[in-house]
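Enquirer: First, the structure itself, so that you have it in front of you.
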Amino acid sequence: MHNVIAFYDDRVLAHEPNIDADFLPQRIDKRIRHLLAGLPVPWKYPEHPGRLTAIQQLLERAPIEGLKIEGGKAATHEQLARVHTTSYLSDIFSLRGKNAWLDVDTTAVSPGSVDAAEVAAGTAIAAVEAVMEKRTKSAFALVRPPGHHAEPVRARGFCLFNNVAVAAAHARSALGCERVLIVDWDAHHGNGTQDIFWAEPDVMLFDIHRAAPFYPGSGHLEEVGAGLAEGTTINVPLPAGAGDEAYLKAFRDILAPAAAWFKPDIILVSAGFDPHWHDLALNVSYEGFGALTSFMQQLAEQHCEGRLVFVLEGGYNLESLANGTRAVLAVLAGNTVPVPDTCGIAEVQAAADFHRTAFQSEPE
Numbered sequence: 009m010h011n012v013i014a015f016y017d018d019r020v021l022a023h024e025p026n027i028d029a030d031f032l033p034q035r036i037d038k039r040i041r042h043l044l045a046g047l048p049v050p051w052k053y054p055e056h057p058g059r060l061t062a063i064q065q066l067l068e069r070a071p072i073e074g075l076k077i078e079g080g081k082a083a084t085h086e087q088l089a090r091v092h093t094t095s096y097l098s099d100i101f102s103l104r105g106k107n108a109w110l111d112v113d114t115t116a117v118s119p120g121s122v123d124a125a126e127v128a129a130g131t132a133i134a135a136v137e138a139v140m141e142k143r144t145k146s147a148f149a150l151v152r153p154p155g156h157h158a159e160p161v162r163a164r165g166f167c168l169f170n171n172v173a174v175a176a177a178h179a180r181s182a183l184g185c186e187r188v189l190i191v192d193w194d195a196h197h198g199n200g201t202q203d204i205f206w207a208e209p210d211v212m213l214f215d216i217h218r219a220a221p222f223y224p225g226s227g228h229l230e231e232v233g234a235g236l237a238e239g240t241t242i243n244v245p246l247p248a249g250a251g252d253e254a255y256l257k258a259f260r261d262i263l264a265p266a267a268a269w270f271k272p273d274i275i276l277v278s279a280g281f282d283p284h285w286h287d288l289a290l291n292v293s294y295e296g297f298g299a300l301t302s303f304m305q306q307l308a309e310q311h312c313e314g315r316l317v318f319v320l321e322g323g324y325n326l327e328s329l330a331n332g333t334r335a336v337l338a339v340l341a342g343n344t345v346p347v348p349d350t351c352g353i354a355e356v357q358a359a360a361d362f363h364r365t366a367f368q369s370e371p372e
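Numbering-wise, the working numbering puts 178 at position 170 of the sequence shown, and it's gapless, one number per residue.
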């Protein structure tokens with residue numbers, strides 16, 4: 009067994025947008041109200057505190073030996089300003105204690121959201137620090153709101169601050185890491201992370217996601233970075249039915265040689281669990297998440313003494329979010345690595361075994 013630390017802070021539950029609340033009077037409110045009114049079913053804000061509560065409850069019911077839980081901390085203005093502009097930060101901080109829509113992606117804040125977002129980014133930093141201090145080989149920051157859609161100058165896709173980017177920038181600026189590899193396996197392309205490190209040659213982003221026009225519509229194969237950083241942005245867009253085999257093939261055939269060339273000092277994973285079929289985006293299984301985690305462990309062992317940090321991103325079905333997170337933590341803690349199957353093969357084999365004897369005697 010290995011020891012693994014999951015970082016969690018109750019303050020991230022304070023982000024609780026309620027679409028029935030009174031928002032700041034502005035044109036965007038009218039536009040979003042009009043947009044929501046046109047939907048065939050009532051819309052609720054899908055990025056809610058219950059996401060982390062579901063993970064906690066599952067870990068209490070099915071504890072993992074070797075898993076330790078530690079608290080988080082709030083990111084400082086300086087830490088956030090490494091990846092976001094000061095004007096953007098000023099705008100977000102001005103919304104502390106208020107309700108507001110931030111964009112037509114229906115990203116919103118509630119009175120506790122800014123505090124929660126600071127803690128989400130700071131908790132990702134805490135996870136990186138624990139690994140760099142050698143208190144644990146691997147860590148998982150269980151945070152919300154998620155981060156990978158947040159751009160240097162704007163909130164998008166339920167994201168306020170780009171947690172994984174803040175953590176990566178901190179690793180480079182304060183912890184002595186020269187090169188950071190970010191692997192984003194969320195079903196949605198991490199447009200914000202790509203934007204932040206687009207021209208940064210010492211941060212490599214490998215992003216596997218459902219292809220455009222799926223939200224946010226970016227992440228095309230040809231998007232490879234610019235200037236000295238050309239080639240350090242790697243996008244792998246997939247069709248809707250892709251699952252374990254496609255992800256693992258991409259890791260073997262693209263990520264592994266890219267990491268060997270790049271030689272990272274630490275690996276960060278933007279871990280969304282919406283690639284699971286319950287979220288209706290892709291077709292990854294719980295066993296698949298476990299196998300991907302094992303692959304990441306091997307990469308980290310090969311290139312950076314095992315230093316590996318996961319940061320929670322999306323995943324909106326509570327069952328698959330909780331079980332997917334647990335599958336990752338179990339492998340990080342040294343449990344047996346599951347073997348992913350092509351969906352349905354095991355069930356067909358069981359049915360074949362069940363029916364086989366019926367065909368062994370001559371029909372009357």
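All residues carry an ideal CB built from backbone N, CA and C; glycine is no exception.
Please check the pair SER278 and ASP194, which I expect to be a contact at CB under 8 Å, by giving their CB distance rounded to whole angstroms.
Expert: As a working note, residue 278 is residue 270 in the sequence shown. As a working note, residue 194 is residue 186 in the sequence shown. Yes, they are in contact, since the Cβ atoms of SER278 and ASP194 sit about 6 Å apart, within 8 Å.
Enquirer: So, LEU276 versus ILE242, is the Cβ gap smaller than 8 Å?
Expert: Counting from one through the sequence shown, the residue named residue 276 turns up at place 268. Counting from one through the sequence shown, the residue named residue 242 turns up at place 234. Result no, Cβ atoms of LEU276 and ILE242 do not sit closer than 8 Å.
Enquirer: Rounded to whole angstroms, how far is the Cβ of ASP397 from the Cβ of THR131, which I believe are closer than 8 Å?
Expert: No answer is possible for residue 397: it lies beyond the span of the chain, which begins at 9 and ends at 372.
Enquirer: What does the Cβ neighbour count give for GLY58, buried or exposed, with the cut at 16 atoms within 10 Å?
Expert: To locate residue 58, count along the sequence shown from 1; it is residue 50. It counts as exposed.
Enquirer: My understanding is that LEU75 touches LEU326, with C-beta atoms under 8 Å, so please give their C-beta distance in whole angstroms.
Expert: Taking the sequence shown and counting its residues from 1, one reaches residue 75 at position 67. Taking the sequence shown and counting its residues from 1, one reaches residue 326 at position 318. No, LEU75 and LEU326 are not in contact; Cβ-Cβ is about 20 Å, not under 8 Å.
Enquirer: Could you give the residue range of the beta strand (DSSP E) that holds ALA14?
Expert: In the sequence shown, counting from the first residue as 1, residue 14 sits at position 6. Here the beta strand (DSSP E) through ALA14 covers 12–15.
Enquirer: Ignore the nearest five residues each way along the sequence and tell me which others in GLN65's own chain have a CB closer than 8 Å to its CB.
Expert: Within the sequence shown, numbered from 1, the residue matching residue 65 stands at position 57. Cβ neighbours of GLN65 beyond the five flanking positions: ALA330.
Enquirer: Can you find at least 3 beta carbon pairs, one from the region 292–303 and one from the region 25–44, that sit closer than 8 Å?
Expert: Flag = no, the region 292–303 and the region 25–44 do not touch.
Enquirer: Looking at C-beta atoms only, is the number of pairs between the region 157–177 and the region 220–232 that lie closer than 8 Å three or more?
Expert: Yes: the two stretches touch, three or more of their Cβ pairs being nearer than 8 Å.
Enquirer: In terms of residues, what are the limits of the beta strand (DSSP E) holding VAL122?
Expert: As a working mapping, residue 122 is identified with position 114 in the sequence shown. Looking at the DSSP string, VAL122 is not in any beta strand (DSSP E); the run it does join, the alpha helix (DSSP H), is 121–140.
Enquirer: I'd like to confirm the pairing. Which residues does DSSP put opposite THR241 in its beta bridges?
Expert: For the purposes of this step, residue 241 is identified with residue 233 of the sequence shown, where counting begins at 1. Its beta-bridge partners are LEU213.
Enquirer: Find out if the Cβ-Cβ distance for the pair GLY80, ALA134 is shorter than 8 Å.
Expert: Here residue 80 is taken as the residue at index 72 of the sequence shown, counted from 1. Here residue 134 is taken as the residue at index 126 of the sequence shown, counted from 1. Contact: yes.
Enquirer: In three-state terms, what does DSSP make of ASP192?
Expert: Start at 1 with the first residue of the sequence shown, and residue 192 comes out as number 184. Three-state result, ASP192: strand.
Enquirer: Going along the chain, which unbroken runs of the beta strand (DSSP E) with 3 or more residues stay wholly within the region 260–306?
Expert: Whole beta strand (DSSP E) segments, 3+ residues: 274–279.
Enquirer: In the DSSP assignment, find the unbroken beta strand (DSSP E) run with PHE148 in it and report its ends.
Expert: Walking along the sequence shown from the start, residue 148 turns up at place 140. First-last of the beta strand (DSSP E) with PHE148: 146–149.
Enquirer: Note down the Cα distance separating VAL232 from GLU238, rounded to an integer number of angstroms.
Expert: Within the sequence shown, numbered from 1, the residue matching residue 232 stands at position 224. Within the sequence shown, numbered from 1, the residue matching residue 238 stands at position 230. Using only the alpha carbons, I get a separation of about 6 Å.
Enquirer: If I measure Cβ to Cβ from PHE303 and keep anything under 6 Å in the same chain, skipping five residues before and after, which residues do I get?
Expert: On the sequence shown, residue 303 is found 295 positions in, with the first residue counted as 1. PHE259, listed in sequence order.
Enquirer: What would DSSP say about ARG164, mapped onto helix, strand or coil?
Expert: As a first step, residue 164 must be located in the sequence shown, where it is residue number 156. Strand at ARG164.
Enquirer: Over what stretch of residues does the alpha helix (DSSP H) that includes GLU73 continue unbroken?
Expert: The sequence position of residue 73 within the sequence shown is 65, counting from 1. Taken as a continuous stretch (DSSP letters only), GLU73 belongs to no alpha helix (DSSP H), as it is neither H nor E.
Enquirer: Can you name the start and end residues of the beta strand (DSSP E) that PHE222 belongs to?
Expert: Stepping through the sequence shown from its first residue, residue 222 is reached at position 214. Note, PHE222: premise wrong, no beta strand (DSSP E); not H, not E.
Enquirer: Within 10 angstroms of the Cβ of THR93, are there 16 or more other Cβ atoms? Answer buried if so, exposed if not.
Expert: For the purposes of this step, residue 93 is identified with residue 85 of the sequence shown, where counting begins at 1. Exposed: under 16 other Cβ atoms inside 10 Å.
Enquirer: I'd like the ranges of any beta strand (DSSP E) spanning at least 3 consecutive residues and lying wholly in the region 305–361.
Expert: DSSP runs (the beta strand (DSSP E)) wholly in the region 305–361: 316–320.
Enquirer: I need the straight-line Cα distance from HIS311 to ALA129, nearest angstrom please.
Expert: As a first step, residue 311 is located in the sequence shown; it is residue number 303 there, counting from the start. As a first step, residue 129 is located in the sequence shown; it is residue number 121 there, counting from the start. Taking the straight line from one Cα to the other gives about 25 Å.
Enquirer: What is the DSSP secondary structure of VAL172, counted as helix, strand or coil?
Expert: Translated into the one-based positions of the sequence shown, residue 172 becomes position 164. Residue state, collapsed to three classes: helix.
Enquirer: Among VAL172, ASP113, ARG364, ALA14, which one has its Cα closest to the Cα of ILE72?
Expert: Translated into positions along the sequence shown, residue 72 becomes position 64. Nearest of VAL172, ASP113, ARG364, ALA14 to ILE72, Cα basis: ALA14.
Enquirer: Could you give the C-beta distance for GLU309 and PRO346, rounded to a whole number, given that I count them as a contact under 8 Å?
Expert: Within the sequence shown, residue 309 is the residue found at index 301, counting from 1. Within the sequence shown, residue 346 is the residue found at index 338, counting from 1. About 19 Å; that fails the 8 Å criterion.
Enquirer: Expressed to the nearest angstrom, what Euclidean distance is found between the alpha-carbon atoms of TRP269 and VAL139?
Expert: The residue given as residue 269 occupies position 261 in the sequence shown. The residue given as residue 139 occupies position 131 in the sequence shown. Roughly 23 Å separates the two Cα atoms.
Enquirer: Starting from the N-terminal side, write out each stretch of the alpha helix (DSSP H) that is 4 residues or longer and does not extend beyond the region 33–82.
Expert: You should have 35–45, 58–69.
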